[in-house]
Structure formats: C-alpha cells, structure tokens
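In this text, residue positions in the sequence shown follow my numbering: the first is 993, and each later residue adds one. Using N, Cα and C, we set each Cβ at its ideal position, and we do this for glycine too. None of the values given here were measured: they were computed from a predicted structure. For reference, the structure discussed in these notes is given below.
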Amino acid sequence: MKILAIEPVEALSLTSTPITGVRIFSTISPLPIPLPTTVIGVIGALSDIKLLSNDPIEGIEELINKVKDKLRCREPIILGPLTQFKIKDLWSEPTILIGDKNLFVVPDLIRDYELVLDECGTTKCFEFKPLIAIGTALERGSISKEKKVRLGYMYRYPLLTYRTLRDEVVEPRFIYVVNCDEDINGIIRFGGEGRIAKIYTLEDNQVKKYVEKIVNPLNISISGFYISLNYIPLLPTSNTLDSTYLDSVLDLEITNGMKGIIGIPQSPKKQPKIIVERLGLGYYEVSNIRRPQILALLPGTIIKAVNTVKTGNKLLNIL
C-alpha cells in the first residue's frame, strides 16, 4: 500500500456531465473531487500505457489490467480521496467531502449521523466554490491548417476553487490509497482545459494515520457503518426499468440493497438525506468520446455495510 497525492499546479476543470450548448444555454456540473476513472487514467498515462479498445467501458477494464501488470497492483487499485488544504504553507488535517453541501470537514465533526458545524473554525471546514469561465471552441484541421473559431460556439467551463469559511482561497491536495508496489510520480495534464497537476507518492505520518482507516469496499469483513469518500455507483437490479420506485431498479451490493443506505449527515436533530445524482464517467480519449452516465450516491453518504460479495465488475473495483 502506498499513499498517492494529487496536487493541482493550477485550478482544475472537472465536470460530472458533458458541457452542452452555446454559452447562454450551456449547463455544467462541477466536480469537487476527481472521479476514480480520471485518476486511474492519469496513472495509466504516467505509466505510458496504451489502450487498444474503442469501447469506453471495455477500455476501463483494459486499463485496470495493464496498470495492475505494470505497477504490480491489486484491486481496487485506488481508494479515496481524503482532501487536504494548504493554509499559510501548512497542510490541513485530511477532510471528507459532504456532497450535498460542497463542504469538506475533518472526520471528528461527523458524530452519530450528525454534522457539528459549530466547531468548524478556520482549519476544520472548507467550501467548494467553483468559478465559471467562458471558452471558445476551435475548429481543428490537419497540422498544416490554421485553427479557426467554430462558428457561433462558446461554452462555459468550471475552475475548481476552495475557500475557508472566512472566504480565503486555499490550495487542495487529494490523497489516495494506491494498492501498488511501484511508486507513481510525475507532472501531467489532469481533467479538462489542459490543466496540470503534480502526482507523487507521499510519506507523511500525519496523513498515514487517517489513510489506515480507509476500508477496501471489496473486502469488508466487519459489518458496520462507513462513510463514502467518493461517488458510489447504483446499478440496475434487472433489465426491466418499468418501475418508478428507486429501490425496485437500483442495488448496492455492499449494503444488501437500498435499505442499508443511511444518507448524508445533516445538522443536529435533522435526519440524514439520501441523494442520488447522475454522474458521467469521464472522457475516453482513445475514441474521442465521453463514457456513459450512471446514477450514484454522493460522497459523504453513510452506509451500513455487510460482508462484501465480489462480482468481478471492473467498474465497481475503482468506484
């Protein structure tokens, strides 16, 4: 097991669904944390792995297998993230994203399904506040041809920024457990709009004591309550999608169905909320297309997990 840090050199641009339409009509859904498919793709790129599959889902399976072979990894390859923020050249305590509030909090503020935000201060809670920028699409031809602005096509894209509760801008660092024997290091394009991040193996005792508590969802031996650090995919229980009821068409293997989902913790005396969002699985550069969208529970969702049953589904192994 190794600790992997992803530290943006500049504000990243990550979205959960495709950017659509001309500028005035476009809608975007900024992502506060990177998708696992993005992270595994970057690991593959740093390892100089080339994919052959044209199918965006089969490409994930091919990528996982090649990363496992080259870096001597076990599944799931990555777990996390916890997120740290730099305040006056010092990294904060690792935090957990509470998905419905776009808020990162230290673990000890989550107590018995409740969020104790009265104790936030300036170093225990951080807000995700993306900026929205306007871009112009280019018409690209061959190398010898000039780039031209695509007629009438402008679009919006997010720049991910994070702030203290005093509205001071802070820099993020995403922390993952990587089940590989080889180190991973480099500077690489990360997400959209040509943004750059540093990727490196981290040795930090402060972080290590938090990372050791991250549980492999494919090997839960002790039933109990757990909080998700990333999006949890919900899969159809059958090919029939006639029902209008969520529990009839969706399943979550590690909880024996939807009944084991407690929800996202709220302020004291309020019940946890179960929130499902549509989530895109990122961009597949091999075929120049986007991967499909799925339904997923938000980060920060508390679940009552039971002994895990392995299904061999490669998508579940990294989400």
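Fill in: C-beta atoms of Val-1169 and Leu-1071 nearer than 7 Å
Numbered from 1 along the sequence shown, position 177 holds the residue referred to as residue 1169. Numbered from 1 along the sequence shown, position 79 holds the residue referred to as residue 1071. It is a contact, given that the beta carbons lie within the stated cut-off.
Worksheet item: Which residue's Cα is closest to the Cα of Pro-1068: Leu-1074, Leu-1271, Asn-1211, Val-1298?
Response: Start at 1 with the first residue of the sequence shown, and residue 1068 comes out as number 76. Taking the Cα of Pro-1068 as reference, the smallest distance to any Cα among Leu-1074, Leu-1271, Asn-1211, Val-1298 is reached at Asn-1211.
Practice prompt. Pick helix, strand or coil for Glu-1131, following the three-state DSSP scheme.
Written response: As a position in the sequence shown, residue 1131 is number 139, starting the count at 1. Correct three-state label for Glu-1131: strand.
Worksheet entry | Cα-Cα separation, Val-1207 to Leu-1130 | Residue 1207 sits at position 215 when you count from the first residue of the sequence shown. Residue 1130 sits at position 138 when you count from the first residue of the sequence shown. Those two C-alpha atoms are separated by around 44 Å.
Item to complete: Under 8 Å by Cβ, that's how I've got Arg-1148 and Ile-1124 pegged, so tell me the actual separation to the nearest angstrom.
Response: Your numbering for residue 1148 matches position 156 in the sequence shown. Your numbering for residue 1124 matches position 132 in the sequence shown. About 5 Å separates the two Cβ atoms, so the contact holds.
Practice prompt. Within its chain, find whatever has a CB closer than 7 Å to the CB of Val-1098; leave out the 5 residues flanking it on each side and keep chain order.
Written response: The sequence position of residue 1098 within the sequence shown is 106, counting from 1. These residues qualify, in order along the chain: Glu-1085, Thr-1087, Lys-1116.
Discussion item. Can you give me the C-alpha to C-alpha distance between Thr-1293 and Lys-1042, rounded to a whole angstrom?
Written reply: Stepping through the sequence shown from its first residue, residue 1293 is reached at position 301. Stepping through the sequence shown from its first residue, residue 1042 is reached at position 50. So the alpha carbons of these two residues sit roughly 35 Å apart.
Worksheet item: So, Glu-999 versus Arg-1187, is the Cβ gap smaller than 7 Å?
Response: Residue 999 sits at position 7 when you count from the first residue of the sequence shown. Residue 1187 sits at position 195 when you count from the first residue of the sequence shown. Contact check for Glu-999 against Arg-1187 fails: the beta carbons are separated by 7 Å or more.
Worksheet item: Is the segment 1105-1115 touching the segment 1193-1204, taking contact as three or more C-beta pairs under 8 Å?
Response: No, because fewer than three Cβ pairs between the segment 1105-1115 and the segment 1193-1204 fall closer than 8 Å, the two stretches do not touch.
Worksheet item: So, are the CB atoms of Phe-1217 and Lys-1296 less than 7 Å apart?
Response: As a working note, residue 1217 is residue 225 in the sequence shown. As a working note, residue 1296 is residue 304 in the sequence shown. With respect to the 7 Å criterion, Phe-1217 and Lys-1296 are classified as neighbours on the basis of their beta carbons.
Discussion item. Tell me whether the segment 1030-1048 and the segment 1270-1286 touch, counting them as touching only if at least three CB pairs, one residue from each stretch, are closer than 8 Å.
Written reply: Yes, the segment 1030-1048 touches the segment 1270-1286.
Practice prompt. Return the CA-CA distance between Arg-1022 and Ile-1219, expressed in angstroms with no decimal places.
Written response: What you label residue 1022 is simply residue 30 of the sequence shown in a count that begins at 1. What you label residue 1219 is simply residue 227 of the sequence shown in a count that begins at 1. For clarity, residue 1022 is Pro in the given sequence; the question names Arg instead. Answer to the nearest angstrom: the Cα atoms are 22 Å apart.
Practice prompt. Can you check DSSP and say which residues form a bridge with Leu-1289?
Written response: By one-based count along the sequence shown, residue 1289 stands at place 297. Ile-1224, Val-1268, per the DSSP bridge assignment.
Fill in: Between the CA atoms of Pro-1291 and Thr-1236 - distance to the nearest angstrom
On the sequence shown, residue 1236 is found 244 positions in, with the first residue counted as 1. On the sequence shown, residue 1291 is found 299 positions in, with the first residue counted as 1. Its pLDDT being 39, under 50, Thr-1236 is placed unreliably by the model, and the measurement read from it follows with that caveat. Cα-Cα distance, rounded: 24 Å.
Worksheet item: What is the residue span of the alpha helix (DSSP H) that Thr-1009 lies within?
Response: Your numbering for residue 1009 matches position 17 in the sequence shown. Here Thr-1009 belongs to no alpha helix (DSSP H), and DSSP marks it neither H nor E.
Discussion item. Taking its Cβ as the centre, do 16 or more other Cβ atoms sit within 10 Å of Gly-1178, making it buried, or is it exposed?
Written reply: Here residue 1178 refers to the residue found at position 186 when the sequence shown is read from its first residue. Answer is exposed; the Cβ neighbour count stays below 16.
Worksheet entry | Under the three-state DSSP convention, the category Asn-1197 falls into | Here residue 1197 refers to the residue found at position 205 of the sequence shown. Asn-1197: helix per DSSP, three-state reduction.
Worksheet item: Can the beta-carbon of Thr-1153 be found closer than 7 Å to that of Asp-1175?
Response: Residue mapping note: residue 1153 aligns to position 161 of the sequence shown, counting from 1. Residue mapping note: residue 1175 aligns to position 183 of the sequence shown, counting from 1. In this structure, Asp-1175 does not lie closer than 7 Å to Thr-1153 by Cβ.
Practice prompt. Go ahead and pull the three-state DSSP assignment for Thr-1156.
Written response: Taking the first residue of the sequence shown as position 1, residue 1156 is located at position 164. Reduced to three states, the DSSP call for Thr-1156 is strand.
Worksheet item: Under the three-state reduction of DSSP, which class applies to Asn-1057: helix, strand or coil?
Response: Here residue 1057 refers to the residue found at position 65 of the sequence shown. Secondary structure at Asn-1057: helix, using DSSP grouped into helix, strand and coil.
Discussion item. Let me check understanding here. Comparing Cα to Cα, which of Pro-1028, Cys-1065, Arg-1064 lies closest to Ile-1052?
Written reply: Along the sequence shown, read from residue 1 onward, the residue named residue 1052 stands at position 60. Of Pro-1028, Cys-1065, Arg-1064, the residue nearest in Cα terms is Pro-1028.
Worksheet entry | Cα-Cα separation between Gly-1272 and Lys-1078, rounded to whole angstroms | The count along the sequence shown starts at 1 and reaches residue 1272 at position 280. The count along the sequence shown starts at 1 and reaches residue 1078 at position 86. Their Cα atoms are separated by approximately 29 Å.
Fill in: Cβ neighbours of Gly-1255 in the same chain (closer than 6 Å, five flanking residues each side left out)
Against the sequence shown, residue 1255 aligns to sequence position 263. Cβ within range, chain order: Pro-1264, Lys-1265, Ile-1266.
Discussion item. Given a cut-off of 7 Å on the beta-carbon distance, is the pair Leu-1095 and Ile-1025 in contact?
Written reply: Residue mapping note: residue 1095 aligns to position 103 of the sequence shown, counting from 1. Residue mapping note: residue 1025 aligns to position 33 of the sequence shown, counting from 1. No, these two residues do not count as a Cβ contact at 7 Å.
Practice prompt. Please work out which residues of its chain come closer than 7 Å, Cβ to Cβ, to Arg-1066, disregarding the five sequence neighbours upstream and downstream, and give them in chain order.
Written response: On the sequence shown, residue 1066 is found 74 positions in, with the first residue counted as 1. Beyond the five residues adjoining it in sequence on each side, Arg-1066 comes within less than 7 Å, by CB distance, of Asn-1171 in the same chain, given in chain order.
Item to complete: Take Pro-1284 and list the residues in its own chain whose beta-carbon comes closer than 8 Å to its own, dropping the five residues that flank it on each side.
Response: Translated into positions along the sequence shown, residue 1284 becomes position 292. Result list for Pro-1284: Pro-1048, Ile-1049, Gly-1272, Leu-1273, in chain order.
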